[in-house]
Amino acid sequence: MKNRPMHGATSFDALAAFARVAECRSFSEAARQLGVTPSALSHSLRQLEATLNLRLLHRTTRSVSPTEAGQMLLDRLTPALQDMRQTLHDVQSMGESPSGKLRLNVPRHTARMVLAPVLGAFHARCPNVELEIVTEDRMVDIVRDGFDAGIRFGERLANDMVAMPIRPVPRFLVVGTPGYFEKHGVPKTPEDLKSHLCINRRFSSGARYAWEFEKKGRALEVQVQGPLALDDDIVIMQAALAGIGLAYLYDSIVSNALASGALKCVLADWCPPTEGFYLYYPSRHHVPTALRILIELLQAEQAIPETRIPSPSI
294 MKNRPMHGAT SFDALAAFAR VAECRSFSEA ARQLGVTPSA LSHSLRQLEA
344 TLNLRLLHRT TRSVSPTEAG QMLLDRLTPA LQDMRQTLHD VQSMGESPSG
394 KLRLNVPRHT ARMVLAPVLG AFHARCPNVE LEIVTEDRMV DIVRDGFDAG
444 IRFGERLAND MVAMPIRPVP RFLVVGTPGY FEKHGVPKTP EDLKSHLCIN
494 RRFSSGARYA WEFEKKGRAL EVQVQGPLAL DDDIVIMQAA LAGIGLAYLY
544 DSIVSNALAS GALKCVLADW CPPTEGFYLY YPSRHHVPTA LRILIELLQA
594 EQAIPETRIP SPSI
């Protein structure tokens, strides 16, 4: 073990030493991790308390715990120290290729539409990074589940997230084959869908997605019925092309089928653009270098600036 003194330690060193002791609840364990003697560490903490004129730690022969002031300092200091350490690491790593793993959680179609076009450029910039993309449509807590970032509709983001809008803004359309409409008629209003065969979208939770509409300030949802419940956009489109029923899909998915006449769109005046998707990550967490590079690539692809947005709770 190193026996370097803590006397004369910088403010950063002293604060980092306090945080380590408060987290470990032990001078001996904190000293071991820091590579100093317990006596030197204790002296440094006494100096810090004298400078602040505050008692930061309760000390007994068997335990160490933060005082109320110490706990407040620890709570606010921990993220700042993490950012400082990561910033120093980033500066030292300038010019080096980032490495490690970058984990994203995104809806399936968004992965195809937004991320797939930049994968080649990302790999060229970050050849030593393993990019793991989990595609699913259910809501997840990206912090709890170990993701660095996610993509979701802006209206479904949790508070205190940094978010970047993604273009193009998707629009849902109601589509069916000409043969289906010849046989079953054309719905004139969203309420008419209740008497039509529709292809349900099923979430992993088992819930069915209610089709959403809006016109002249009037918003409504329709819980449709039909012979199929699916969880994949491409399979839903294929079922619609087979004439099984009407589908509610992103315009980008069905654009080719609409252009060829294989599918027809109805209720278009009830289907305005959505709020759109956002790539988001926790604002209190340091942004990994690889994620910063991915954001740069998405911004270059879409010419959209990164913004901090106030988002309603999930």
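Just so we're aligned: 449 in this note's numbering is position 156 of the sequence shown, and the numbers increase by one with no gaps anywhere. A virtual CB, placed ideally from N, CA and C, is assigned to each residue, including glycine. Treat the numbers as computed from the prediction; the structure is a model and nothing was measured.
Practice task
Pick helix, strand or coil for Lys508, following the three-state DSSP scheme.
Solution key: Looking up residue 508 in the sequence shown gives position 215. Strand.
Exercise for the section: Could you check the C-alpha separation between Phe474 and Phe415 for me, to the nearest Å? Expected result: Here residue 474 corresponds to residue number 181 of the sequence shown, with the count starting at 1. Here residue 415 corresponds to residue number 122 of the sequence shown, with the count starting at 1. Straight-line Cα distance between these residues: approximately 45 Å.
Practice task
Whole angstroms is fine: what's the gap from Pro471's alpha carbon to Lys557's?
Solution key: On the sequence shown, residue 471 is found 178 positions in, with the first residue counted as 1. On the sequence shown, residue 557 is found 264 positions in, with the first residue counted as 1. Between Pro471 and Lys557, the C-alpha separation is close to 6 Å.
Problem - Of the residues Thr567, Met406, Cys419, the one placed nearest Pro581, counting alpha carbons only - result: Residue mapping note: residue 581 aligns to position 288 of the sequence shown, counting from 1. Here the closest residue by C-alpha is Cys419.
Exercise for the section: Have a look at Leu513 and Glu484 and give me their C-alpha separation to the nearest angstrom. Expected result: Along the sequence shown, read from residue 1 onward, the residue named residue 513 stands at position 220. Along the sequence shown, read from residue 1 onward, the residue named residue 484 stands at position 191. Computed Cα separation, rounded: 9 Å.
Problem - the segment 365-372 / the segment 327-340 touching (three or more Cβ pairs under 8 Å) - result: no
Practice task
Would you mind stating whether Ser337 and Ala307 have Cβ atoms separated by less than 8 Å?
Solution key: In the sequence shown, residue 337 corresponds to position 44, counting from 1. In the sequence shown, residue 307 corresponds to position 14, counting from 1. Yes, the Cβ-Cβ distance between Ser337 and Ala307 is below 8 Å.
Problem - Residue-level contact to chain B via CB, Leu397, 8 Å cutoff - result: This model lacks chain B altogether; it includes just one protein chain.
Practice task
Assess, as a yes-or-no matter, whether the segment 498-507 is touched by the segment 515-524 under the definition of 3 or more beta carbon pairs within less than 8 Å.
Solution key: yes
Handout entry: For Met454: DSSP bridge partner residues
Key = Taking the sequence shown and counting its residues from 1, the one referred to as residue 454 is at position 161. DSSP output for Met454 lists Pro575 as bridge partner(s).
Problem - Residue span of the alpha helix (DSSP H) that contains Lys476, given as start and end - result: In the sequence shown, residue 476 corresponds to position 183, counting from 1. Start and end: 471-477.
Practice task
Using only alpha-carbon positions, find the residue among Ala362, Ser358, His351 that is nearest to Leu345.
Solution key: The sequence position of residue 345 within the sequence shown is 52, counting from 1. Of Ala362, Ser358, His351, the residue nearest in Cα terms is Ala362.
Problem - Range of the contiguous alpha helix (DSSP H) that encloses Phe440 - result: Stepping through the sequence shown from its first residue, residue 440 is reached at position 147. Segment: none, Phe440 is in no alpha helix (DSSP H) and carries neither H nor E.
Handout entry: Lys487 (DSSP reduced to helix, strand or coil)
Key = Looking up residue 487 in the sequence shown gives position 194. It is helical.
Exercise for the section: Output the residue ranges of the beta strand (DSSP E) runs that lie fully inside the segment 354-381 and measure 3 residues or longer, sorted by chain position. Expected result: 357-359
Practice task
Using only alpha-carbon positions, find the residue among Val411, Pro372, Thr354 that is nearest to Asn594.
Solution key: Taking the sequence shown and counting its residues from 1, one reaches residue 594 at position 301. According to the sequence displayed, residue 594 carries Glu and not Asn. Of the candidates Val411, Pro372, Thr354, the one whose C-alpha sits nearest the C-alpha of Glu594 is Val411.
Practice task
Count the C-beta pairs between the segment 389-396 and the segment 422-437 that are closer than 8 Å, then say yes if the count reaches three, no if not.
Solution key: yes
Handout entry: Start-to-end residues for the alpha helix (DSSP H) that takes in Leu308
Key = In the sequence shown, the residue the question calls residue 308 occupies position 15. 304-317 is the extent of the alpha helix (DSSP H) around Leu308.
Handout entry: Where the alpha helix (DSSP H) through Ser332 begins and ends
Key = Here residue 332 corresponds to residue number 39 of the sequence shown, with the count starting at 1. 331-345 is the extent of the alpha helix (DSSP H) around Ser332.
Handout entry: Reduced DSSP category for Ser392 - H, G, I as helix; E, B as strand; rest coil
Key = Within the sequence shown, the letter at position 99 stands for residue 392. Correct three-state label for Ser392: strand.
Problem - Pair within 8 Å by beta-carbon distance, Leu591 and Ala442 - result: On the sequence shown, position 298 is the one that residue 591 refers to. On the sequence shown, position 149 is the one that residue 442 refers to. No, these two residues do not count as a Cβ contact at 8 Å.
Practice task
Could you say which of Glu507, Asp430, Lys509, Val547 lies nearest to Arg494 if we only look at CA atoms?
Solution key: Against the sequence shown, residue 494 aligns to sequence position 201. Comparing Cα-Cα distances from Arg494 to each of Glu507, Asp430, Lys509, Val547, the minimum goes to Asp430.
Problem - Nearest candidate by alpha-carbon position, reference Leu490, set Val314, Leu539, Thr371, Arg325 - result: Here residue 490 refers to the residue found at position 197 when the sequence shown is read from its first residue. The shortest Cα separation from Leu490 among Val314, Leu539, Thr371, Arg325 belongs to Leu539.
Handout entry: Alpha-carbon to alpha-carbon, Pro463 and Ser545
Key = Mapped onto the sequence shown, residue 545 falls at position 252. Mapped onto the sequence shown, residue 463 falls at position 170. So the two alpha carbons sit approximately 7 Å from each other.
Problem - Backbone secondary structure at Leu590 - three-state DSSP - result: Translated into the one-based positions of the sequence shown, residue 590 becomes position 297. It is helical.
Exercise for the section: Find out if the Cβ-Cβ distance for the pair Arg445, Phe570 is shorter than 8 Å. Expected result: Residue 445 sits at position 152 when you count from the first residue of the sequence shown. Residue 570 sits at position 277 when you count from the first residue of the sequence shown. Against a cut-off of 8 Å, the Cβ pair of Phe570 and Arg445 comes out as a contact.
Exercise for the section: For Pro565, collect the residues of the same chain with a Cβ closer than 6 Å to its Cβ; drop the 5 residues on either side in sequence, then sort them by chain order. Expected result: As a working note, residue 565 is residue 272 in the sequence shown. Same-chain partners within the cutoff: Glu507.
Exercise for the section: Please report the residue range of the alpha helix (DSSP H) in which Ala522 lies. Expected result: The count along the sequence shown starts at 1 and reaches residue 522 at position 229. From DSSP, Ala522 is part of no alpha helix (DSSP H) but of the beta strand (DSSP E) over 521-523.
Handout entry: Thr582, DSSP secondary structure in three states
Key = In the sequence shown, the residue the question calls residue 582 occupies position 289. Correct three-state label for Thr582: helix.
Practice task
Would you decide whether Phe440 is buried or exposed? Buried here means 16 or more other CB atoms lie within 10 Å of its CB.
Solution key: As a first step, residue 440 is located in the sequence shown; it is residue number 147 there, counting from the start. Answer is buried; the Cβ neighbour count reaches 16.
Exercise for the section: Whole angstroms is fine: what's the gap from Ala324's alpha carbon to Asp438's? Expected result: The count along the sequence shown starts at 1 and reaches residue 324 at position 31. The count along the sequence shown starts at 1 and reaches residue 438 at position 145. C-alpha separation (whole angstroms): 32 Å.
Problem - Proximity below 8 Å, CB of Thr360 to CB of Leu349 - result: Taking the sequence shown and counting its residues from 1, the one referred to as residue 360 is at position 67. Taking the sequence shown and counting its residues from 1, the one referred to as residue 349 is at position 56. Their beta carbons are under 8 Å apart, which means Thr360 touches Leu349 by this criterion.
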